[in-house]
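The structure appears right after this line, and notes come after that.
In our numbering, the protein residues as written are 11 to 291.
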């Protein structure tokens with residue numbers, strides 16, 4: 011027991027690799043870090059949200075709210091110690107956050123914009139998706155792709171992935187992890203388009219999206235077969251429907267891909283994890 015207490019009181023080891031240093035000037039938060047690996051080169055890309063939850067306090071009120079993407083080449087990621095002191099490239103994407111937006115039925119009260127990220131060697135891109143309020147007070151799902159290594163923007167402005175247009179419809183917590191057999195993106199998210207003036211929530215997806223697209227997809231796919239009324243489902247957990255969703259693309263041996271989407275669902279009157287799958291190109 012004495013040895014355990016001594017170990018627990020010891021100073022934690024220095025991080026293996028610092029993707030983004032803490033903000034020691036304004037003390038704005040960095041949240042929701044999420045990595046993606048380049049399977050061809052072994053390089054790592056990390057996306058995170060800067061100034062979430064602090065943008066209404068003190069000095070951070072005048073600091074931009076950003077999705078930040080950092081690039082760490084494989085050559086840096088040596089063992090037992092990283093050979094680089096930080097990322098080889100960094101880019102920042104300005105966003106309009108949901109962190110002061112009340113979402114009916116979501117017991118955290120306000121939203122987050124934690125990014126999801128995936129690398130496509132076939133298209134030479136790393137892509138970030140998040141929910142954003144610039145055109146919709148209940149957020150749209152936006153995509154911004156960057157060139158590998160340089161992190162130069164592919165699109166001149168982020169592309170909206172949800173193809174509905176009713177202002178005030180919730181689109182929230184996108185899921186994205188890897189690309190399909192063609193190097194394309196398949197993004198899923200919470201969505202209230204079928205009942206926009208209620209808390210009835212489904213999961214929708216944009217399938218087979220070219221990372222270099224500049225246009226909103228012509229169609230989206232409904233993933234859920236039952237909608238959940240977030241206002242009628244009890245939970246002692248906060249947030250009741252999670253602070254992220256996700257999906258994964260399984261590459262099939264003979265070609266083609268299957269998307270597995272996961273989310274929290276209240277069809278049994280208590281939030282439970284659900285998963286479904288669908289074939290994609």
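Just so it is clear, CB atoms sit at the ideal spot from N, CA and C, and this is done for glycine as well.
Here residue 105 has 75, 76, 77, 123, 140 and 142 as same chain residues with Cβ atoms under 7 Å from its own Cβ, once five neighbours each way along the sequence are excluded. One thing to note: residue 195 has its Cβ no nearer than 8 Å to the Cβ of residue 79. Judged by beta-carbon spacing, residue 217 lies beyond the 8 Å limit of residue 239, meaning their Cβ atoms are not closer than that value. The C-beta separation of residue 121 from residue 135 comes to about 26 Å, leaving the pair out of contact by the 8 Å criterion.
C-alpha of residue 182 to C-alpha of residue 255: approximately 9 Å in a straight line. In terms of Cβ geometry, residue 180 and residue 201 form a close pair [threshold 8 Å]. The alpha-carbon of residue 98 is positioned some 44 Å away from that of residue 245.
Distance from the CA of residue 269 to the CA of residue 290, rounded to the nearest whole angstrom, comes to 7 Å. About 6 Å separates the CB atoms of residue 214 and residue 233; that is less than 8 Å, so the two are in contact.
Taking the CA atoms as reference points, residue 109 sits about 12 Å from residue 67. Shown here, residue 289 sits in a strand according to DSSP, grouped into three states. Across the structure, residue 271 and residue 229 are spaced so that their CA atoms are roughly 18 Å apart. Rounded to the nearest angstrom, the Cβ distance from residue 36 to residue 73 is 6 Å, consistent with a contact under 8 Å. Contact between residue 46 and residue 60 does not hold, since the beta-carbon distance rounds to 18 Å and is not under 8 Å. Assignment of beta-bridge partners to residue 198 by DSSP yields 185 and 215.
Counting along the chain, residue 110 sits inside no beta strand (DSSP E), nor does DSSP assign it H or E at all. For residue 137, the enclosing beta strand (DSSP E) covers residues 135 to 142. For residue 197, same chain residues with a beta-carbon under 6 Å away, outside a window of 5 residues either side, are 139, 171, 184, 186 and 216 in chain order. For residue 70, the closest of 39, 90 and 87 by C-alpha to C-alpha distance is 39.
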